[in-house]
Amino acid sequence: FPIELGAELIHGEKTVTQDLVRDAALTILPAPRKPLLRWATEEGAKAVADLPPALRTTLNALLDAYAQLPAEANLANDEALATYLYRRGFSHEALDMADVLLAQTCCAPSTSLSCADLVREMLADHAGQEEFRIAEGYTALLTHYSAGLPLQLNTPVQLIRRQDGHLWVLTAGEWFVARQVIVTVPVSVLQSNAITFDPPLSASKQAAIAAFRTEPATKLFYRFTEPLWDDQLAYMMHTGIAARWWTSGYPRPGAAVLCCFVTAQRAATIDAMPEAEALHVGLAELASLLGRADVHKKCVAAKRVMWAADPYARGGYAHIPPGAAAARPILAQPEGNQLFFAGEATAFDTNPQTVHGAIESGWRAAAEVLAAA
854 FPIELGAELI
864 HGEKTVTQDL
874 VRDAALTILP
884 APRKPLLRWA
894 TEEGAKAVAD
904 LPPALRTTLN
914 ALLDAYAQLP
924 AEANLANDEA
934 LATYLYRRGF
944 SHEALDMADV
954 LLAQTCCAPS
964 TSLSCADLVR
974 EMLADHAGQE
984 EFRIAEGYTA
994 LLTHYSAGLP
1004 LQLNTPVQLI
1014 RRQDGHLWVL
1024 TAGEWFVARQ
1034 VIVTVPVSVL
1044 QSNAITFDPP
1054 LSASKQAAIA
1064 AFRTEPATKL
1074 FYRFTEPLWD
1084 DQLAYMMHTG
1094 IAARWWTSGY
1104 PRPGAAVLCC
1114 FVTAQRAATI
1124 DAMPEAEALH
1134 VGLAELASLL
1144 GRADVHKKCV
1154 AAKRVMWAAD
1164 PYARGGYAHI
1174 PPGAAAARPI
1184 LAQPEGNQLF
1194 FAGEATAFDT
1204 NPQTVHGAIE
1214 SGWRAAAEVL
1224 AAA
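Under this note's numbering, think of the first position of the sequence shown as 854, with each following residue one higher.
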């Protein structure tokens, strides 16, 4: 089965991705991470229902407090998720749990997540709560829908110039001329000034771009001689460095691959290590989670994938810090009737940080282009 080095899951049973996968005659597999979540104890990772009562109560209370964000967060002044939870009476130990349970999936520390931006997503959410993966992988989906399109691959843009009613797009030694352009690169690429805009983008657009934060995101993959876990293992968490694990092959029988996906400071720590050391750290923590001493002996292949090392990603998905929630819709606004913006960071009316959010933002931008033509 395919191993997804980048995006992996479909986040919701009602997403546009579901329709696209079905129309492409590809296969959707369940990935029930949340209902099958296991959290670490001294005896290894256990299902939430089997956790010690105090730990189970704290975990469920964190989830409940997060669900109550729209009604309870200080939206007038905005606040960080960590501030909100601390104000609700959670201990520092509970905040460490929240950083894994709630913030890691947002590719951010809980001290840097805008509650106002999180609430906007909650109110706009129409995706559903179930999760899935594509059996053939996301590459199969892209291959299907890109067939026959005149795509120019390996052609990074260096300059976009608006002049004489046209857009002049410079790549490595070649110019393209267009009436309109949709910019879909990650906000981290815009922040790096890898693309020059002439004339410069508006002050409000530049301020919106600067407001976003992008943290590292890294996957550690391990293949074993055989599954070292039971068939129902789908998702494990703990507060270590290698904090979140899932079974890449679920629900395929006999799939012996695990993925550890970490973001923010945890990913930065993993990225700073030599690859062999990083993979060793992951295995050591996995041994504790599984309660097994033979994980090193049973591991036959391992690989680290650092999104921050990719010049066209420069990290994980972008997030909004407290006080900057207005940046997302401003980033999505066109510049005049020629320059349009899409990508997950612009997904103010759906779920940012998701594949379906990025797709929907592209459809929005395409509709804006047609309306301006």
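Beta carbons: idealized from backbone N, C-alpha and C, even for Gly.
By DSSP, does residue i sit in helix, in strand, or in coil?
i: Cys-960; result: coil
i: Glu-1213; result: helix
i: Glu-989; result: coil
i: Tyr-1170; result: coil
i: Ala-1088; result: Looking at the sequence shown, residue 1088 is not Ala but Tyr. DSSP places Tyr-1088 in strand when its eight states are reduced to three.
i: Leu-889; result: coil
i: Leu-1023; result: strand
i: Leu-1002; result: coil
i: Leu-928; result: coil
i: Leu-1184; result: helix
i: Glu-1221; result: helix
i: Ala-1031; result: strand
i: Leu-995; result: helix
i: Ile-1094; result: coil
i: Glu-984; result: strand
i: Thr-894; result: strand
Closer than 8 Å by C-beta to residue i: which residues in its own chain qualify, once you throw out the five before and the five after it? Chain order, please.
i: Lys-867; result: His-979, Ala-980, Gly-981
i: Leu-1020; result: Ile-1013, Arg-1014, Val-1030, Ala-1031, Arg-1032, Gln-1033, Val-1034, Gln-1191, Leu-1192
i: Arg-909; result: Val-901, Ala-902
i: Glu-984; result: Leu-862, Ile-863, His-864, Gly-865, Pro-883, Ala-884, Pro-885, Arg-886, Lys-887
i: Gly-1189; result: Arg-1015
i: Ala-1025; result: Thr-1008, Pro-1009, Gln-1011
In chain order, what residues of the same chain lie with their CB nearer than 6 Å to the CB of residue i, ignoring the 5 residues before and after it?
i: Leu-1086; result: Thr-1100
i: Ala-1131; result: Ile-1123, Arg-1157
i: Pro-855; result: Gly-990
i: Ala-1120; result: Pro-1069, Ala-1070, Thr-1071
Count the other CB atoms within 10 Å of the CB of residue i; is the residue buried (16 or more) or exposed (fewer)?
i: Trp-1028; result: exposed
i: Ser-1045; result: exposed
i: His-1149; result: exposed
i: Gln-1206; result: buried
i: Asp-970; result: buried
i: Glu-1079; result: exposed
i: Tyr-991; result: buried
i: Met-950; result: buried
i: Asp-872; result: exposed
i: Arg-1181; result: buried
i: Asp-1163; result: exposed
i: Arg-986; result: buried
i: Tyr-998; result: exposed
i: Val-1153; result: exposed
i: Thr-1203; result: buried
i: Pro-920; result: The sequence as given places Ala at residue 920; Pro does not occur at that position. Exposed is the call here.
i: Thr-1199; result: buried
Under 8 Å between the Cβ atoms of residue i and residue j?
i: Phe-1065; j: Ala-1171; result: yes
i: Ser-963; j: Ala-956; result: yes
i: Thr-1071; j: Ile-1123; result: yes
i: Thr-894; j: Pro-905; result: yes
i: Val-1110; j: Arg-1076; result: yes
i: Ala-1056; j: Leu-1184; result: no
i: Val-869; j: Glu-1213; result: yes
i: Met-1227; j: Trp-1216; result: It is not possible to answer for residue 1227, since the shown part of the chain is limited to 854 through 1226.
i: Ala-1178; j: Arg-973; result: yes
i: Ala-1095; j: Cys-1112; result: no
i: Pro-1175; j: Asp-952; result: no
i: Val-874; j: Leu-994; result: yes
i: Leu-1081; j: Leu-1143; result: yes
i: Ala-961; j: Ala-1117; result: yes
i: Leu-976; j: Pro-923; result: yes
What is the residue span of the beta strand (DSSP E) that residue i lies within?
i: Asp-1051; result: 1049-1051
i: Tyr-1075; result: 1070-1077
i: Thr-1100; result: 1097-1100
i: Lys-1156; result: 1152-1159
i: Pro-1250; result: Residue coverage of the chain in this structure runs from 854 to 1226, which leaves residue 1250 outside it and unanswerable.
i: Gln-1016; result: 1012-1016
i: Ala-900; result: 897-900
i: Thr-1116; result: 1110-1116
i: Leu-954; result: First-last for Leu-954: undefined, no H or E at that position.
i: Phe-1194; result: 1192-1194
i: Leu-862; result: 862-864
Does any C-beta atom of chain D lie closer than 8 Å to the C-beta of residue i?
i: Ala-1117; result: Included in the structure is just one protein chain, with no chain D present.
Can you tell me where the alpha helix (DSSP H) with residue i in it begins and where it stops?
i: Ala-1140; result: 1128-1143
i: Ile-856; result: Unbroken run through Ile-856: none, as it is neither H nor E.
i: Gln-1059; result: 1056-1064
i: Val-1040; result: 1040-1044
i: Leu-873; result: 869-876
i: Val-972; result: 968-977
i: Leu-915; result: 906-920
i: Leu-934; result: 934-940
i: Ala-947; result: 945-951
Using C-beta distances below 7 Å, list every residue in its chain close to residue i, excluding the 5 sequence neighbours before and after it, in chain order.
i: Gly-1168; result: Ser-1041, Thr-1067, Glu-1068, Pro-1069, Ala-1070, Trp-1160, Ala-1161
Compute every distance between the C-beta of residue i and the non-hydrogen atoms of the ligand MG, then say whether any falls below 7 Å.
i: Ala-878; result: With respect to small molecules bound, the structure shown includes none, and the ligand MG cannot be examined in it.
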